[in-house]
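Engineer: Once you've had a glance at the structure underneath, I'll fire off some questions.
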Amino acid sequence: MTRSRLLHLPWEDRIFAIVIVAVIIFGASQSVLDFSPFYLNFVSNILIFSIAALSYNLLHGYTGLISLGSAGFYMVGAYGGALAMQSLGNNFGIGLLGALGMSAAFSLIVGSVATRIRGVYFLLITFAFSMLPWLLIKGPLRDITGGHTGMHLRIVPSFFFDIGDSSLFLFFTMGILMMIQFFIPHPVSLEFSSVIYKWIIVLMAFALVLAIGNLIRHHTNKIRRKKEDWPYSIVTLTGMVVMAIIGLVWGVDPDSLYQSIYLNVMAPLGATMFAILAYYMASAAYRAFRARSLEATLLLASAFIVMIGFMPFGQYIHPKFPAFAEWVMKVPNMASQRGILLGVAFGSIATALKIILGIERSWLGGKE
Amino acid sequence: MKWYDRITTIDRRIIYILLTVLVILPFFVNVTIPQKIMPQTQRLFDFIESIPPNDKAVMISFDYSPQTMPECHPMAQALLKHCFARGIPVIGLSFEPEAPGLAVDALTRVVHEIDSLATSPQDSLIYGVNYAYLGWKSGRIAAQLDMGESIAGVYPRDYFGNPIDSLPLMRKVRNYKNVAIVVILASADYPIDWIRYPQTRYGVKVGAGLTAVMAPQYYPFVQTGQVSGLMSGMKGAAEYENLVLKHGYARTLGTAETGMNSQSMIHILIMVFILLGNVGYLFSRRRQKKGKHE
Numbered sequence: 007m008t009r010s011r012l013l014h015l016p017w018e019d020r021i022f023a024i025v026i027v028a029v030i031i032f033g034a035s036q037s038v039l040d041f042s043p044f045y046l047n048f049v050s051n052i053l054i055f056s057i058a059a060l061s062y063n064l065l066h067g068y069t070g071l072i073s074l075g076s077a078g079f080y081m082v083g084a085y086g087g088a089l090a091m092q093s094l095g096n097n098f099g100i101g102l103l104g105a106l107g108m109s110a111a112f113s114l115i116v117g118s119v120a121t122r123i124r125g126v127y128f129l130l131i132t133f134a135f136s137m138l139p140w141l142l143i144k145g146p147l148r149d150i151t152g153g154h155t156g157m158h159l160r161i162v163p164s165f166f167f168d169i170g171d172s173s174l175f176l177f178f179t180m181g182i183l184m185m186i187q188f189f190i191p192h193p194v195s196l197e198f199s200s201v202i203y204k205w206i207i208v209l210m211a212f213a214l215v216l217a218i219g220n221l222i223r224h225h226t227n228k229i230r231r232k233k234e235d236w237p238y239s240i241v242t243l244t245g246m247v248v249m250a251i252i253g254l255v256w257g258v259d260p261d262s263l264y265q266s267i268y269l270n271v272m273a274p275l276g277a278t279m280f281a282i283l284a285y286y287m288a289s290a291a292y293r294a295f296r297a298r299s300l301e302a303t304l305l306l307a308s309a310f311i312v313m314i315g316f317m318p319f320g321q322y323i324h325p326k327f328p329a330f331a332e333w334v335m336k337v338p339n340m341a342s343q344r345g346i347l348l349g350v351a352f353g354s355i356a357t358a359l360k361i362i363l364g365i366e367r368s369w370l371g372g373k374e
Numbered sequence: 058m059k060w061y062d063r064i065t066t067i068d069r070r071i072i073y074i075l076l077t078v079l080v081i082l083p084f085f086v087n088v089t090i091p092q093k094i095m096p097q098t099q100r101l102f103d104f105i106e107s108i109p110p111n112d113k114a115v116m117i118s119f120d121y122s123p124q125t126m127p128e129c130h131p132m133a134q135a136l137l138k139h140c141f142a143r144g145i146p147v148i149g150l151s152f153e154p155e156a157p158g159l160a161v162d163a164l165t166r167v168v169h170e171i172d173s174l175a176t177s178p179q180d181s182l183i184y185g186v187n188y189a190y191l192g193w194k195s196g197r198i199a200a201q202l203d204m205g206e207s208i209a210g211v212y213p214r215d216y217f218g219n220p221i222d223s224l225p226l227m228r229k230v231r232n233y234k235n236v237a238i239v240v241i242l243a244s245a246d247y248p249i250d251w252i253r254y255p256q257t258r259y260g261v262k263v264g265a266g267l268t269a270v271m272a273p274q275y276y277p278f279v280q281t282g283q284v285s286g287l288m289s290g291m292k293g294a295a296e297y298e299n300l301v302l303k304h305g306y307a308r309t310l311g312t313a314e315t316g317m318n319s320q321s322m323i324h325i326l327i328m329v330f331i332l333l334g335n336v337g338y339l340f341s342r343r344r345q346k347k348g349k350h351e
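Chains as they are written, first to last, in this note's numbering: chain A, 7 to 374; chain B, 58 to 351.
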C-alpha cells in the first residue's frame with residue numbers, strides 16, 4: 007500500500023522526497039566519511055539556490071506576481087543574519103533568527119506599499135525596493151555593513167550543537183521534519199509521517215518486549231537466589247507463560263479459555279487490589295484529615311461540598327448543593343487545572359526545543 | 058479517657074467492617090434515587106443522539122483496566138447500548154494493554170442483550186457489520202495520528218485476527234472522516250493525546266468517560282469545546298444509564314446505579330468519621346491550650 011502511494015505521487019514530489027532523503031544521508035554521514043569542503047560548499051550552494059528557485063516558483067508561478075525585489079530580500083536577510091551574529095553571539099541559530107527577523111521587517115515595509123499595485127507598476131516598485139538596501143549598505147550604513155568590502159566574521163559560526171555529531175544532527179533534522187509534517191499536509195509529508203509513525207509503533211512494541219525480558223530476568227533472579235517472597239515470583243512467571251500460551255494456541259475469542267481466565271481471575275483480583283485502597287483511604291482520612299490550618303479547613307469544606315453535591319440524594323439535603331458542587335468544579339478547580347495545563351505546555355515546548363537543538367542531551371545516556 | 062479522645066481512636070477494624078457492610082447493603086436493598094444529570098454527561102448523550110443512523114461510526118477507545126472496572130465498565134455498556142439502539146456502527150480499540158479483555162466483555166454482554174430482545178434477524182447485531190474490535194496497539198500517539206490517513210494501515214487485522222478489509226464496516230470506515238466522535242473510556246490521562254494530536258490535525262471530535270479522580274483535569278477542555286461531552290466517574294456512568302433508560306434505548310439500568318448507592322453510603326461514612334476525628338481534635342486542642350494557661 008505504502009509503495010503504491012509513493013509511486014502515485016507526481017514526479018516533482020518524488021524528486022523532492024529523494025532530495026530530502028539524500029540531504030539527510032549526506033549530512034549524517036559527514037562525520038563518518040569526512041567529505042572535503044568543496045563538496046560541502048557545493049551541496050550547500052545547490053540547496054541555497056533550490057530555496058531561491060522554490061521561492062520564485064511560489065511568487066511567479068503560484069501568485070503570478072513578477073517581482074524584481076528578490077535580490078533586496080536576499081541582501082537584507084544576509085546582512086540581518088551577519089549583524090545578529092556579530093552583535094548577539096557567533097551562533098548560526100542566532101544568525102538564522104536575525105535573517106528571518108530583518109527580512110520579515112523589510113517585507114512589512116515593502117508589502118504595505120507594493121501589495122496595492124499590479125502589473126508593471128508592481129515590477130517598478132519592487133525594483134526600487136531592491137535598490138534601497140543596496141544604496142543604504144553602500145552609503146549611510148557603510149560603517150556598520152563594511153560598504154564594498156562587506157562584513158567579515160572572524161570565527162566560523164557554531165550551531166547550537168556540534169553539527170558533525172551525526173546523532174545530534176539526525177535528531178535535529180528529524181525534529182524539524184516532524185514539526186513540518188504535522189502542519190503541512192502535503193502528500194510527501196503525509197507519506198513521510200506515515201512511515202515514521204509505523205516505525206514508532208514497532209519501536210514501542212520492542213520497548214514492551216524489553217519490559218517483559220526485564221520482568222522475566224528479575225523474577226528468575228529472585229527465585230534462583232531465594233530472595234524474600236520468592237514463591238510469588240513463580241506465580242507471576244507461571245501466570246505470564248500460561249496466559250501467553252493459552253492466548254496464542256486457543257485464541258482470544260469471547261468464548262475462549264483466555265477470556266474466561268481473564269474475566270474470572272485477573273479482573274476480580276485487579277478490582278480487589280484497587281478496592282483495598284478504599285479501606286486505607288477511609289482509615290487514613292479519619293486519622294489524618296484535620297482542620298489544622300485555614301488551607302486544610304478550606305480543603306475539607308470543599309471536599310464535603312463536592313461529595314454531598316455529587317451524591318444522588320445531595321439535592322434532598324439542600325437543593326443548592328449540586329449547583330454549588332458544580333461551581334467548585336467549574337470555577338476554582340478549572341482555574342487551577344488550566345494553570346497546571348499551561349505550565350505543562352510551556353515546559354513541554356521548552357524541553358522539546360532544547361532536545362531538538364541539542365541543548366538537552368541526557369537522552370543520549372548521560373552525555374551532557 | 059475522655060469522650061473526645063475516644064472518638065479520635067476508633068479501632069480501624071470497626072471502620073473496615075462498617076465499610077464492608079455499607080458497600081454490600083445497596084445490592085440487597087433496591088433503592089433508586091432520581092439522578093440530577095450533569096451538563097457534560099447530557100452533552101455527550103446529545104452528541105451521540107445527533108449522529109444519523111448508519112452513517113458515521115463511533116470509535117470507542119477502551120483504555121481502562123480491571124482496577125477501575127466498576128466505574129468505566131458501566132459507561133462502556135451504556136454507551137454501546139445507546140449507539141446500537143440508534144443504529145450507529147461502533148469501532149472499538151485500546152491503547153491500555155489490560156483493556157482488550159474488558160472491551161470484548163462489554164461488547165459481548167451488550168450484543169447478547171440486544172440479540173436476545175431481537176424480534177427479527179435484521180434487529181440482531183453482526184460482528185464486522187455493526188461493530189468491530191481492533192485490539193491493542195503500541196505507540197499510541199503515532200497510531201492515533203496515522204489512523205487519520207488510514208485505520209487499516211495501523212490495524213491490518215482486528216483483535217481476533219481477521220484481515221481488516223474482510224470486515225464490511227472497516228471497508229466503509231477508512232479514517233477519521235468516517236468517524237463522528239472518538240469516546241475514550243479511561244482510568245489514566247489518555248484523552249489528552251487525542252485532543253493534542255488527532256483533534257488538532259484532523260479535527261476529530263473527542264468525548265470521554267473517566268474515573269472521578271481523572272475527570273476534573275478535563276473540565277477546561279469541556280468548557281472550550283475540545284471535549285464534546287464527559288462522563289465523570291460512577292456518577293457519570295449512572296447518569297448515562299438513566300438517560301439511556303429514559304429515552305427507551307434500554308429496559309433496565311446497569312450496575313452504575315447500584316454502585317452509586319454504595320459509593321454514596323461510603324462517602325457518608327467517610328464524612329462522618331472525618332467529622333468525628335475533627336471534633337475530637339478540636340476538643341483535645343482546646344483542653345491542651347487550657348492546660349498551658351493554667
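Where a beta carbon is used, it is the ideal one built from N, C-alpha and C, also for glycine.
As an exercise, report each continuous beta strand (DSSP E) stretch of at least 3 residues that is fully enclosed by the stretch 162-224 of chain B, in chain order.
Structural biologist: 188-193
Engineer: If B:I64 and B:L333 are in contact, beta carbons under 8 Å, what's the gap, nearest whole angstrom?
Structural biologist: By one-based count along the second sequence, residue 64 of chain B stands at place 7. By one-based count along the second sequence, residue 333 of chain B stands at place 276. With a Cβ gap of about 5 Å, B:I64 and B:L333 count as contacting.
Engineer: Could you say which of A:D168, A:L130, A:V126 lies nearest to A:I362 if we only look at CA atoms?
Structural biologist: As a position in the first sequence, residue 362 of chain A is number 356, starting the count at 1. Shortest Cα-Cα distance from A:I362 to any of A:D168, A:L130, A:V126 involves A:D168.
Engineer: Check the Cβ-Cβ distances between B:Q256 and every residue of chain A, and say whether any is below 8 Å.
Structural biologist: In the second sequence, counting from the first residue as 1, residue 256 of chain B sits at position 199. So, not an interface residue.
Engineer: Quick check: the stretch 79-90 of chain B against the stretch 116-132 of chain B, are there 3 or more CB pairs under 8 Å?
Structural biologist: no
Engineer: Using a threshold of 8 Å, state whether the C-beta atoms of B:I41 and B:Y254 are closer than that.
Structural biologist: Within the shown structure, residues of chain B are numbered from 58 to 351, placing residue 41 of chain B beyond reach of any answer.
Engineer: How about B:Y306 and B:K194: are their beta carbons less than 8 Å apart?
Structural biologist: Here residue 306 of chain B refers to the residue found at position 249 of the second sequence. Here residue 194 of chain B refers to the residue found at position 137 of the second sequence. No, the Cβ-Cβ distance between B:Y306 and B:K194 is not below 8 Å.
Engineer: Check whether the stretch 293-301 of chain B touches the stretch 274-283 of chain B, taking contact to mean three or more Cβ pairs, one atom from each stretch, closer than 8 Å.
Structural biologist: At 8 Å Cβ cutoff, the stretches do not touch.
Engineer: Given that a residue counts as buried once 16 or more other Cβ atoms are within 10 Å of its Cβ, and exposed if not, what is B:Q179?
Structural biologist: Indexing the second sequence from 1 puts residue 179 of chain B at position 122. Looking at its Cβ environment, which holds fewer than 16 other Cβ atoms inside 10 Å, B:Q179 is exposed.
Engineer: Could you tell me the alpha carbon to alpha carbon distance between A:M91 and B:A133, rounded to whole angstroms?
Structural biologist: As a working mapping, residue 91 of chain A is identified with position 85 in the first sequence. As a working mapping, residue 133 of chain B is identified with position 76 in the second sequence. About 59 Å.
Engineer: Using DSSP's beta-bridge definition, name the partner residues of B:G144.
Structural biologist: If you number the second sequence from 1, residue 144 of chain B lands on position 87. According to DSSP, which records beta bridges pairwise, B:G144 is partnered with nothing at all.
Engineer: Are the beta-carbon atoms belonging to B:P123 and A:M272 less than 8 Å from one another?
Structural biologist: Translated into the one-based positions of the second sequence, residue 123 of chain B becomes position 66. Translated into the one-based positions of the first sequence, residue 272 of chain A becomes position 266. It is a contact, given that the beta carbons lie within the stated cut-off.
Engineer: A:L138 to A:L89, Cα distance in whole Å?
Structural biologist: The residue labelled residue 138 of chain A in the question sits at position 132 within the first sequence. The residue labelled residue 89 of chain A in the question sits at position 83 within the first sequence. Computed Cα separation, rounded: 18 Å.
Engineer: Helix, strand or coil: which one does DSSP assign to B:A243?
Structural biologist: Taking the second sequence and counting its residues from 1, the one referred to as residue 243 of chain B is at position 186. Residue state, collapsed to three classes: strand.
Engineer: Is the Cβ of A:D259 closer than 8 Å to any Cβ of chain B?
Structural biologist: Along the first sequence, read from residue 1 onward, the residue named residue 259 of chain A stands at position 253. Taking Cβ atoms only, chain B reaches closer than 8 Å to A:D259, which makes this a yes.
Engineer: Rounded to a whole number of angstroms, what is the C-alpha to C-alpha distance between B:L126 and B:M271?
Structural biologist: For the purposes of this step, residue 126 of chain B is taken as the residue at position 69 of the second sequence. For the purposes of this step, residue 271 of chain B is taken as the residue at position 214 of the second sequence. The amino acid at residue 126 of chain B is misidentified as Leu; the sequence shows Met. Near 14 Å, if we compare the C-alpha coordinates of B:M271 and B:M126.
Engineer: Taking the alpha carbon of A:A288 as the point to measure from, which residue in B:P146, B:I323, B:A269 has its own alpha carbon closest?
Structural biologist: Position 282 of the first sequence holds residue 288 of chain A. Measuring from the Cα of A:A288, the nearest candidate turns out to be B:I323.
Engineer: Taking three-plus beta-carbon pairs below 8 Å as touching, is the stretch 214-234 of chain B in contact with the stretch 92-104 of chain B?
Structural biologist: no
Engineer: Under 7 Å, CB to CB, which of the residues in the stretch 78-91 of chain B have a partner in chain A?
Structural biologist: I90
Engineer: Check each residue of the stretch 224-245 of chain A: if its Cβ is closer than 9 Å to any Cβ of chain B, include it; give the result in chain order.
Structural biologist: none
Engineer: Can you tell me which of B:G192, B:L76, B:Y338 puts its alpha carbon nearest to the alpha carbon of B:I148?
Structural biologist: The count along the second sequence starts at 1 and reaches residue 148 of chain B at position 91. Looking at the Cα atoms, B:G192 is the closest of the given residues.
Engineer: Could you work out which residues of chain A lie near B:N187, taking near to mean beta carbons separated by less than 7 Å?
Structural biologist: Here residue 187 of chain B corresponds to residue number 130 of the second sequence, with the count starting at 1. The premise fails here: B:N187 is roughly 15 Å from chain A at the closest Cβ pair, so nothing lies under 7 Å.
Engineer: Starting from A:M91, find everything on chain B with Cβ-Cβ shorter than 9 Å and list it in chain order.
Structural biologist: Here residue 91 of chain A refers to the residue found at position 85 of the first sequence. Correct list: empty, because the minimum Cβ distance to chain B is about 35 Å.
Engineer: Apply the 10 Å Cβ neighbour rule to A:T226 and answer buried if 16 or more other Cβ atoms are within range, or exposed otherwise.
Structural biologist: What you label residue 226 of chain A is simply residue 220 of the first sequence in a count that begins at 1. With fewer than 16 Cβ atoms within 10 Å of its Cβ, A:T226 is classed as exposed.
Engineer: Identify the continuous beta strand (DSSP E) that holds B:G286 and give its terminal residues.
Structural biologist: In the second sequence, residue 286 of chain B corresponds to position 229, counting from 1. From DSSP, the beta strand (DSSP E) with B:G286 extends over 284-289.
Engineer: Among the residues of its own chain, which have a CB less than 7 Å from the CB of A:M7, if the five just before and after it don't count?
Structural biologist: By one-based count along the first sequence, residue 7 of chain A stands at place 1. Caution is warranted here: a pLDDT of 43 is assigned to A:M7, below 50, making its placement in the model unreliable, and the coordinate value is therefore given only provisionally. If we look at A:M7 and ignore the five residues flanking it on each side, it has no Cβ neighbours.
Engineer: When you compare each of A:D171, A:S76, A:G33 to A:W140 by their alpha carbons, which one comes out closest?
Structural biologist: Working through the first sequence from its first residue, we reach residue 140 of chain A at position 134. When only C-alpha atoms are compared, the closest one is A:S76.
Engineer: Can you tell me whether A:G364 is helix, strand or coil according to DSSP?
Structural biologist: Counted from its first residue, the first sequence places residue 364 of chain A at position 358. Coil, per DSSP.
Engineer: Nearest chain B C-beta to A:K336 closer than 8 Å, yes or no?
Structural biologist: Taking the first sequence and counting its residues from 1, the one referred to as residue 336 of chain A is at position 330. Interface residue, yes.
Engineer: Could you please give the first and the last residue of the uninterrupted alpha helix (DSSP H) stretch that includes A:S136?
Structural biologist: Indexing the first sequence from 1 puts residue 136 of chain A at position 130. First-last of the alpha helix (DSSP H) with A:S136: 125-144.
Engineer: Within 8 Å, do at least three Cβ pairs link the stretch 108-126 of chain A to the stretch 57-65 of chain A?
Structural biologist: no
Engineer: Spell out the partners DSSP gives B:V115 in its beta bridges.
Structural biologist: As a working note, residue 115 of chain B is residue 58 in the second sequence. Answer is B:V147, B:I238, bridged to B:V115.
Engineer: List in chain order: all unbroken alpha helix (DSSP H) runs of 4+ residues lying wholly within the stretch 150-228 of chain A.
Structural biologist: 172-189
Engineer: Closest Cβ-Cβ distance between B:V236 and chain A: below 8 Å?
Structural biologist: Within the second sequence, the letter at position 179 stands for residue 236 of chain B. Closer than 8 Å: no.
Engineer: Would you kindly report the start and end of the unbroken beta strand (DSSP E) that includes B:V263?
Structural biologist: As a working mapping, residue 263 of chain B is identified with position 206 in the second sequence. Unbroken beta strand (DSSP E) run through B:V263: 263-267.
Engineer: Going along chain B, which residues have a C-beta under 7 Å from A:R296?
Structural biologist: The sequence position of residue 296 of chain A within the first sequence is 290, counting from 1. The answer, in chain order, is G334, N335, Y338.
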